[in-house]
Each structure stands twice: as C-alpha cells, then as structure tokens.
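S.K.:
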Amino acid sequence: MSKELTHRGNELKELGWSEQDVLRYVELWDYRQRWGAINLERDDRLFLRKAESALPNISSSKPSVKKPINEKSYYRRISFFLDEMNKAEGKLSLDKDARGIWPILLEEELRALNYFQPVLGLPDTLKAKALTPFREELIETAVSQYDKHLRLLEFNFSDLASSLDSLGKKNWVPLREGINNNKNSYPVLDSSQLTLFRTEVRNKLIPLIRNTFPSLADSDKPNPPENWIPESDS
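Using UniProt numbering, you'd call the opening residue of the sequence shown number 1 and step up by one each time.
(1) When the Cα atoms are used, what is the spatial distance from residue 21 to residue 38?
(2) For the candidate residues 224, 128, 153, 127, whose alpha-carbon lies nearest to that of residue 189?
(3) Can you find the residues in the same chain that come closer than 7 Å, C-beta to C-beta, to residue 15, ignoring five residues on each side of it along the sequence?
(4) At what residues does the alpha helix (DSSP H) containing residue 107 begin and finish?
(5) For residue 126, report the span of its alpha helix (DSSP H) as first-last.
(6) Indicate the three-state DSSP secondary structure (helix, strand or coil) for residue 42 in the structure shown.
(7) Report yes if the CB atom of residue 95 is closer than 9 Å to the CB atom of residue 191, and no otherwise.
(8) Which of the three DSSP states, helix, strand or coil, is assigned to residue 52?
(9) Using 9 Å as the threshold, is the C-beta distance between residue 124 and residue 194 below it?
(10) Counting along the chain, where does the alpha helix (DSSP H) carrying residue 25 start and finish?
(11) Excluding the 5 residues preceding and the 5 following residue 82 in the sequence, name in chain order all residues of the same chain whose CB lies nearer than 8 Å to its CB.
(12) Note down, in chain order, each residue of its chain lying with its Cβ closer than 6 Å to the Cβ of residue 130, except the 5 sequence neighbours on either side.
(13) Once the 5 residues before and after residue 201 are set aside, which same chain residues still bring their CB inside 8 Å of it?
(14) Measuring CB atoms only, is the stretch 217-228 touching the stretch 113-122, in the sense that at least three cross pairs come out at less than 8 Å?
(15) For residue 173, does the three-state DSSP call read helix, strand or coil?
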C-alpha cells in the first residue's frame, strides 16, 4: 500500500507526462489504495512503478525550525548580564536618568545582533571572543573621555562570574573572560552624555560585529537606522 495520502498526478504533468498517462496513473493509484497492488494486472503494476520512480522522493524528515536569536545561548548570556546590571542599578543611588556604561554597551550589542541576525553557531561564538577586549578598551576609553560626567560605583563582577555554575549556566563564560574580575569599578554616566556615548558605541560596535561573525561575511544588509529598535523592545 502506498504511504502517500494523495496521488501526485500534477507532478507527473509538470514532468511532461501526457494527459492520458497521468489519468491512467491516477486511476491505478486510486485502485491500489482501495484494493491493494496484488489485484492489479502486471502491466498496470509496472506502469505504476515507472510513474512513481519518475517522481522526486518525498523527504520523511521534519522541516527544521529556525531558533529565534533571543533563544540562542550567546544572546541569552549577554541578556543575562544586562539583566543583572539593571537589577543592580535599581539598588544603587543613581542621579536622575543616569546610566551605567556597561549596560549601554550590552544593549547596543543585543540591538546589533537582533538587526543583523547572525547564526550564532560555534564559528560565530568562537570569533565573538574578540568582543571581550573591545568592551574593556571601550569602557576604559569612556572613563577617561567622560571623567567629568561620570561617577565610579561598584558592581561585583567576580561574584557574578562565580555564580554561573550555581545558576545552571556552567557552559557560559564570564562576561569579562580572561580579565581580572576583581576590577569591580562600575562607571555611571550623567544623562546629558548618554546619547553621545550610545552613538559612539554604535559607530564602533556595528562594524566590529559585521566583520567578526563568519555568518555575516556575505551579508549586504545596510546598517540599521538610528531610530531602529527590535520589535520586542518597541
């Protein structure tokens, strides 16, 4: 008995079979479904076999479902660190509308990932290690550049790094992997400088991500407009 739920006469027609042969195939296919191939004449069985051998195979495998980028491990890791910093800022005595430099940097990284949609498989995540020294250098430069517009508070990077195992995230590397996590300085920028700093981050981060992730090597997608935000944040 055929495992197909319907005949494939239209496909034979597209392959150039005559209307008469297609009609014969449909009738024989229907007869076999009802009464079984054993009741077909030998010539009819041979004809049916010939028709079905001309048809392309039907894949029995389920179509792969593309995982949304916000479910990828690398993306979730960055989101986790951003969430922890946002929680910590809620407990700090920040000036009105002031913001930590670190969460701005991570927000822009997630924004770029949302826009360009890299695969974030192993090749991408290996190359993404280049973002670690980039972040450190950018933070260090910002502290010097905006020294009159920021406060240095503390955020316990070392505790956050050591807590990954207990949180069931043992496969995630610390945000500052290979960096001295005892550096717990947490620069917070005045509200008057946030837009300028965010623009500087975008101008440096977007080219780096485009040139770093292998899955974006052939992408010709233009850079996101300044007012672009991910749908989840809109």
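Note that CB positions come from ideal geometry on N, CA and C, so glycine has one too.
The model shown is predicted, which means the values in this text are computed figures rather than measured ones.
M.R.: The structure says:
(1) 21 Å
(2) 153
(3) 54
(4) 101-116
(5) 122-127
(6) helix
(7) yes
(8) helix
(9) no
(10) 19-35
(11) 103, 106, 107, 110
(12) 212
(13) 104, 105, 108, 138
(14) yes
(15) coil
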